Amino acid sequence: MKMTKKLFAILCAMILATGLLACAAPAPSGNSGADDAAPAADSGAAKSIGVMLSTNVMSLDSNLATDGDSFEVIADCIDGLTQMDADGAAIPALAESWDVSEDGMTWTFHLRDAKWSNGDPVTANDFVFAWKTAMTANVEYGYMFDSSVGCVKNADEIMYEGADPDTLGVSAPDEKTLVVELIAPVSFFDSLMYFPTFYPLNEKFYTECGDSYGTSPETFLSNGAYVLADYTPGTSSLSVKKNPDYWNADKVTIDTIKYQVVGSSDNALTAFKSGTLDLVMISGSQVPAAKDDADLSSKIKVTGAGYMWYLSFSQTEANANGGQLANTNLRLAFTNAIDRESLVENYVMDGSLPTYTCVPPQFAASATTGEDFSKDQEKFKDVCSFDTAKAQEYFEKAKEELGVDSFEFTMIYGNNEGDEVQKVAQAIKEQIEGVLPGVTLNLQAMSKAERLDKMQNDNYDVALTRWGPDYADPMTYLGMWITDNANNYGFWSNADYDQLIEDCTTGAYINDYEARWNALYEAETIAMNEAVIAPLYTKASANLISDKLQGVEFHPVALNRVYKNAKVAD
Amino acid sequence: MQKYILKRLITALLTLLVITFLLFWLVRIMPGNPFPSERMTDEAIAAKRAEMGLDDPILTQFVRYMKNVLKGDFGKGTSLYYGAPIHTVLNKAIQNSFRIGGIAILLGTFVGLVLGIVAALNRDRFWDVFCSVFSILGVCVPSYVFLIFLQYTFAYKLTLLPYFFDSTQFLKSSVIPALSLSLFTMSTIARFTRNEMIEVTDSDYVLLAEAKGMYGYKLVTKHVLRNALIPIVTVLAPLIVDLLTGALVVEKIYGIQGIGKLMVDAISGEGIDYNYVLALGILYSAMYIGIMLVVDLLYGLLDPRIRISAKGGD
Chain A
1 MKMTKKLFAI
11 LCAMILATGL
21 LACAAPAPSG
31 NSGADDAAPA
41 ADSGAAKSIG
51 VMLSTNVMSL
61 DSNLATDGDS
71 FEVIADCIDG
81 LTQMDADGAA
91 IPALAESWDV
101 SEDGMTWTFH
111 LRDAKWSNGD
121 PVTANDFVFA
131 WKTAMTANVE
141 YGYMFDSSVG
151 CVKNADEIMY
161 EGADPDTLGV
171 SAPDEKTLVV
181 ELIAPVSFFD
191 SLMYFPTFYP
201 LNEKFYTECG
211 DSYGTSPETF
221 LSNGAYVLAD
231 YTPGTSSLSV
241 KKNPDYWNAD
251 KVTIDTIKYQ
261 VVGSSDNALT
271 AFKSGTLDLV
281 MISGSQVPAA
291 KDDADLSSKI
301 KVTGAGYMWY
311 LSFSQTEANA
321 NGGQLANTNL
331 RLAFTNAIDR
341 ESLVENYVMD
351 GSLPTYTCVP
361 PQFAASATTG
371 EDFSKDQEKF
381 KDVCSFDTAK
391 AQEYFEKAKE
401 ELGVDSFEFT
411 MIYGNNEGDE
421 VQKVAQAIKE
431 QIEGVLPGVT
441 LNLQAMSKAE
451 RLDKMQNDNY
461 DVALTRWGPD
471 YADPMTYLGM
481 WITDNANNYG
491 FWSNADYDQL
501 IEDCTTGAYI
511 NDYEARWNAL
521 YEAETIAMNE
531 AVIAPLYTKA
541 SANLISDKLQ
551 GVEFHPVALN
561 RVYKNAKVAD
Chain B
1001 MQKYILKRLI
1011 TALLTLLVIT
1021 FLLFWLVRIM
1031 PGNPFPSERM
1041 TDEAIAAKRA
1051 EMGLDDPILT
1061 QFVRYMKNVL
1071 KGDFGKGTSL
1081 YYGAPIHTVL
1091 NKAIQNSFRI
1101 GGIAILLGTF
1111 VGLVLGIVAA
1121 LNRDRFWDVF
1131 CSVFSILGVC
1141 VPSYVFLIFL
1151 QYTFAYKLTL
1161 LPYFFDSTQF
1171 LKSSVIPALS
1181 LSLFTMSTIA
1191 RFTRNEMIEV
1201 TDSDYVLLAE
1211 AKGMYGYKLV
1221 TKHVLRNALI
1231 PIVTVLAPLI
1241 VDLLTGALVV
1251 EKIYGIQGIG
1261 KLMVDAISGE
1271 GIDYNYVLAL
1281 GILYSAMYIG
1291 IMLVVDLLYG
1301 LLDPRIRISA
1311 KGGD
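Top to bottom, those sequences are chains A and B.
Okay, so the first sequence: first residue is 1 according to the working numbering, each after it adds one.
Okay, so the second sequence: first residue is 1001 according to the working numbering, each after it adds one.
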C-alpha cells in the first residue's frame, strides 16, 4: 500500500501541474495585445484618477445618449458652444463669443479655432449637421429644440409634423459663424448649449461610421479636453486620456480618467478605501458610519443630484376609487401629513433636502438677481408643510365633500430606483395612515419601467416618482403640468395655469424677464394650492473624494461632474 | 449509432426552437414597454415600435427574427447600449465569460479529481475528512460570497490582485473570479470522485484484479479510475453549464464584461431589453442543449452498454 501512496502523490502532483498550466493556457490567445499593454498603463508620473460610474455607459453618440453617466463621458471628450463654470453659469467653450439680437430671437455664435481628434477643424457646419440629425435621431432629448424649451425655428414642424430637417433655424454663413433663429426669446439659451444634445458632430466621420459611431475609440471623435482611450459597448471599465490638441489643453492637468462601473455601494466603499477609486458615491445608509470613521469623515462631499422625488396622484375617474384623489382637500391632507424632515434624516440619510415647493431648490437662479427660484422653502407653508392638525382639517373637509369615512389607495414605487426608495415608501405609508385615520395606503413595488407604464396609462392611484431638471429654468418642472403634457401623470388641468405657462414660453412675457419670472412663481402657486403633486425631497449624492483629487465641479443639472479644472495633488 | 446521433441532433434543434419561441413570446407579454422613457413622445414610441415591427402578429415577428438570427443578426438593444449591434457586444462578453469560465472548469475539475482520489485512497483518514468538509463548504458557500472574501483579502488587504476586472491585465484579474467560480465544481467533483472510487474499489472485479496480483498505479488507473469516471462525466456537463450561466453575480460584482453581467443588466435596467434577453436566452439554451448532447454522445462512447441499449431501442 505504501507504493500506492507514493504513486498517487506523483499522480496528484502531475494532475495539479497540468491543471495549473491549462489555466494559464487559454488566456493569452486573442488577448495578447491587451496583456502587453498592461504595464504601460501605470507607468510614469502620469496623473491618473479612478472614478466610479453607477451604471454602464449606454451610448457615446450625443444623439442617442440619455443617461447622466454617458453625458459625463461625452462631455469629457466633446465641447459644446458653451460650458459650465463652477456655479453652473454658461461660459465660452467652442464659441469664443456670441451676440443676441435685440428681439432676443437670433443668436450668433463666433467659433474659436479648434480641432477634432482626426485633425479636421471644428466648423459651424458640425453644429448645423448635428442639430439637423437630432431632429430625427434624438427621440429622447430632441424636445429640447422645440417650442417648450429651446424654441429653435421650425423644430416643432420638423419633429412633430414631418417637415424637412433642412428648414431648421440654424445656419453657418461661414466656417466660424453659427446663426440660430428662435421663435421666441429664450433667456437661458446659452446655458442650454452645454447640454450634450447641442454638441457638434463631424459630418463626414459620423456618416462614414454609420451605426458603429461611438462604439470604440476608433469610431469616436473628440474635440474636448479628453480623447477616448479604451471603450467597448457594455464594458465595466473605460478610460479617457488628455487631448494634447484641445484648445484649452494647458488648463487640463489630469492625464487619465479611468471609469469603473460599480454596482453596489458596499463595493464602492471598499474600492475607495483600497485606493482603486478616487471618487465614489455611497448610499445614505453608509453615511453615518463614514462620518464616524476618522479616515473617511473629511472625504465626504454632499452634492446636489438635481432630481426631486414627489408623489403623483392620479386625478381621473378611472382611478383612485372613482377619482377620489381628484378632491383637492384630500390631496392637501396627504401633503400636510408627510414629515419630510424625518424622511431625509432617517431613511434617505445622504444630505437630501426636504422640499416644499414643486420646483426644487438648487438649480434655477434668476439671471438678474442670482437668487435661487426656490430658496424660500416656506413660501407655500399654508398648503405644504408637516402639520398634522392642518392635515386632519383638510381630511375632514374631504370626507365631507366625498361623503365617505374611509379610503383605500395603492402607492406604486420602483424596486430598482435606489436603496432608500423602499424605506421611504414604507415611511410615507406609516405617516399618512398615522395622521389620517381611515386611510389605507397599500404599497406595490415594481420595476421602474412598469411604474412608468402604469403612470403613462393612468393605471395607478398614487406613485412615488422623480424628475430631474434638464436645463436651468423652473420651466423644466412647471412645463410638466400643463393640460395633456405627457409627464402630467395626474392628468390635472387648469386653464389659468396653462395660460401662464404659455405666456412664459411663447406669449406675453417672453421679452420681459422679470415678468416671466414672477409669472412662473404665480404658476407654481396654483400648482401648490391645488396639490397637483406632493413634493418630498431634493436628492443629494453622498460622494467620497480622495485627498489627492481636488477641484471636481459638481452640478445638479446637465453635467453632474466636470473634471476640466480638477487637479491631482502631488 | 449514426441514426442515434441524428435523432439526438434533431431533438436538440427542435427544443432550441421551442425555447426561443417561448422566450420571444414571454418578453412581449411582460409588463412595461420596451422604451421606458419619460421624454419620448407617443409618436416617437410608436415610430420605434413600428421600426422594430412590434405591432405585427407574433408569428410574423418570430419568423422575421429567426431569419435575422440565422444570418447572425440579433438586432440592437432597446434599452441597453443603443446603436451597437448586439452581436458585437455579445462577442466580447462571450470571450470574457468563456475564458474565465474555462479556467474555472479546468481548475475545478483537476483539483476536484485530485481531492476525490486522495480522499478515496485515504478512506476515513485525515484527507478524507478534509475532503468532506471542503466539499460541504464549497457546495454551501455561494461563489459570490467566496469572491467577496477573495476580493477583500487579496485585492483590498494584500493588494496583490486588481480590485476590479481589468481587461488590460487579463491573467491577474482572472484569478479571483476563476477561483471563486471553480469552488462549486471542485467540491462537487471531489465528492463524486471519492464516492465512485470507493464503490468501484469495493467491487468484485477490482477484488479479482487484486487477487491476480495487480496493484498500485496500474490497478487504480486501469480499473478503478476509468470506471469511476463515467458518472463523473455526467455530473460535469451540467456543472459546466451552471458555471457559465451562474456567473451572473460574480461578473456583476467584479465588473467583468461577461454574459452573466449582460443578462443582469438586460433584465434589471430601467426597462427589460427585449433583444438582449432573447439573444442571451438563446445563447444559454444553446449552451445547455449543446453540452447535454455532447455528454449523451460521449457517454455512449465511454459506456458500451448505452450504445447497445440505444440500438435496441431503435
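Beta carbons are placed, not taken as given, at the ideal position from N, Cα and C, and that holds for glycine.
Here the structure is a predicted model, which is why all the values come from computation and not from measurement.
Cα atoms of Pro185/A and Asp166/A: separation of roughly 22 Å, rounded to the nearest angstrom.
Around Met58/A, the beta-carbon contacts reaching into chain B at under 7 Å are Leu1080, Tyr1081, Tyr1082.
Within the same chain, Cβ atoms closer than 6 Å to the Cβ of Phe195/A are found at Ala558, the five residues on either side in sequence being excluded. Neighbours of Ser1037/B across chain A, judged by C-beta separation under 7 Å: Glu140.
Annotation: the continuous alpha helix (DSSP H) that includes Asn1091/B extends over 1086-1121. By the Cβ-count criterion, Leu238/A is buried, with 16 or more other Cβ atoms from all chains shown falling within 10 Å of its own Cβ.
Think of a sphere of 8 Å around the beta carbon of Leu1262/B: the chain A residues whose beta carbon falls inside it are Gly234, in chain order. The three-state secondary structure of His110/A, taken from DSSP, is strand. Around the beta carbon of Ala519/A, a 10 Å sphere encloses 16 or more other beta carbons of the protein chains shown; the residue is thus reported as buried. Taken through DSSP and simplified to helix, strand or coil, Asn346/A comes out as helix. Taking the beta carbon of Val261/A as reference, the chain B residues within 7 Å of it are Gly1255, listed in sequence order. When 9 Å is used as the limit between beta carbons, Ala486/A is near these residues of chain B: Glu1038, Arg1039, Met1040, Thr1041, Asp1042, in chain order. Taken in chain order, the complete beta strand (DSSP E) segments of 3 residues or longer contained in the region 166-238 of chain A are 170-174, 177-181, 226-230. Only residues of its own chain outside the window of five on either side were considered, and among them Phe1184, Ser1187, Thr1188 have a CB closer than 7 Å to the CB of Val1139/B, listed in chain order. In the three-state reduction of the DSSP assignment, Ser447/A falls in the coil class.
Against Asp473/A, chain B offers no close residue; the least beta-carbon distance is about 16 Å (beta-carbon pairs closer than 8 Å). Leu330/A is not a Cβ neighbour of Leu549/A, given a cutoff of 8 Å.
The beta carbon of Ile482/A sits closer than 6 Å to the beta carbons of Asp498, Ile501 from its chain, once the five residues preceding and following it are set aside; these are given in chain order.
A straight-line Cα-Cα distance of about 12 Å links Asp1273/B and Gly1281/B. CA-to-CA, the gap between Glu96/A and Gly142/A works out to about 25 Å. Cβ atoms of Leu436/A and Ala391/A come within 8 Å of each other, at about 6 Å.
Phe145/A sits in a helix when the DSSP states are folded into three classes. Counting along the chain, the unbroken beta strand (DSSP E) around Ile412/A starts and ends at 407-414. Interface criterion not met: the Cβ of Thr207/A is under 8 Å from no Cβ in chain B. At least one CB of chain B lies nearer than 8 Å to the CB of Thr270/A. From the listed residues Ala486/A, Pro244/A, Asn243/A, Ser312/A, the smallest Cα separation to Phe334/A is found for Ser312/A.
Note that the C-beta distance between Val262/A and Ala268/A is below 8 Å.
With contact defined as three or more Cβ pairs closer than 8 Å, the region 295-303 of chain A and the region 354-368 of chain A are not in contact. In the DSSP annotation of this structure, the continuous segment of the beta strand (DSSP E) that includes Val280/A starts and ends at 279-282.
Each residue's CA atom was taken as its position, placing Met1287/B and Ala1178/B some 19 Å apart. Counting the other CB atoms within 10 Å of its CB gives Asp570/A a total below 16, which places it among the exposed residues. Sequence-ordered contacts of the region 1264-1285 of chain B with chain A read Asp1265, Ser1268, Glu1270, Gly1271, Ile1272 [C-beta pairs closer than 7 Å]. Of all residues in the region 1182-1198 of chain B, none places a beta-carbon less than 9 Å from a beta-carbon of chain A. For Gly322/A, the secondary structure class from DSSP, reduced to helix, strand or coil, is helix. An exposed status is given to Ile1058/B, since fewer than 16 other beta-carbon atoms sit within 10 Å of its beta-carbon. Selection Ile428/A, Gln431/A, Asn416/A evaluated against Ala449/A yields Asn416/A as nearest (Cα-Cα).
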